[in-house]
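Visitor: This is the structure, below, for whatever I ask next.
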Amino acid sequence: MKLTSAEAAKVLRKYNNDLMDLQNKESMSQSFVAAISEDPETVRPEYDYAKTREDEAALMEKVRKLKHAINVFNSTTVIPDWNITIDEMLILIPQLTRKRDRLAAMKNCLPKERVAAGMRQASNIIDYRYANYDIAQAQADYDTASDLLARAQTALDLVNSTVTFEVEL
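Residue numbers for the sequence shown follow this note's numbering, so the first one is 64 and each next one is one higher.
This is the structure we're talking about:
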């Protein structure tokens with residue numbers, strides 16, 4: 064079966080949901096309570112141990128094969144114009160996000176900011192915190208990081224939604 068990474072993620076989510084549903088159904092029907100005056104057969108829930116094991120094994124195999132195919136695709140597919148694989152991009156994007164977030168805090172600092180008195184409430188001494196960097200440069204670096212992050216996300220989205228790979232399920 065040929066899938067894009069985006070399609071594979073949706074199929075994988077469905078398999079995982081199906082597996083969870085099967086396990087939840089088993090949990091609710093693997094045992095039951097009957098009053099001593101009841102015939103247990105009249106309240107026994109439908110449950111087939113062997114069939115459940117078989118269905119669970121089949122779903123687990125599909126999940127395993129699909130995850131493996133996604134991992135191989137991610138580790139071998141190079142993103143055009145970036146010269147890195149998808150798995151490298153999946154590392155780069157959080158790195159860029161953290162960098163952008165740090166720069167966002169830095170660009171929003173004041174060059175000089177009054178510091179709260181804290182324990183010295185009765186003191187007449189006023190402390191100031193000074194930015195020890197060029198705030199305009201932090202703004203420029205923030206803009207650059209934001210643009211790079213957006214381009215990285217777009218490049219990844221394009222590959223994930225257009226490039227297909229083969230998987231045997």
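Each residue gets a CB set at the ideal place from its N, CA and C atoms; glycine is no exception.
Bear in mind the structure is a predicted one, so any value in this text is a computation, not a measurement.
1) Taking contact to mean at least 3 C-beta pairs separated by less than 8 Å, is the region 86-96 in contact with the region 107-119?
2) Based on Cα-Cα distance, which residue from 124, 87, 99 lies nearest to residue 231?
3) Can you tell me whether residue 223 is buried or exposed? The criterion is at least 16 other CB atoms within 10 Å of its CB, across all chains shown.
4) Residues in the same chain with beta-carbon distance under 8 Å from residue 215, minus the five sequence neighbours each way, listed in chain order, please.
5) In angstroms with no decimal places, state the Cα-to-Cα distance between residue 132 and residue 177.
6) From this set, 138, 179, 194, which residue's C-alpha is nearest residue 188's C-alpha?
7) Given a cut-off of 8 Å on the beta-carbon distance, is the pair residue 140 and residue 226 in contact?
8) From the DSSP secondary-structure annotation, give me the bridge partner or partners of residue 147.
9) Can you find the residues in the same chain that come closer than 8 Å, C-beta to C-beta, to residue 129, ignoring five residues on each side of it along the sequence?
10) What's the call for residue 246, buried or exposed, on a 16-neighbour Cβ count within 10 Å?
Guide: Walking through what the data contain:
1) yes
2) 124
3) buried
4) 145, 152, 155, 156, 159
5) 56 Å
6) 179
7) yes
8) 142
9) 71, 74, 75, 78, 230, 232
10) No information on residue 246 is available, as it lies outside the stretch 64 to 232 that the chain covers here.
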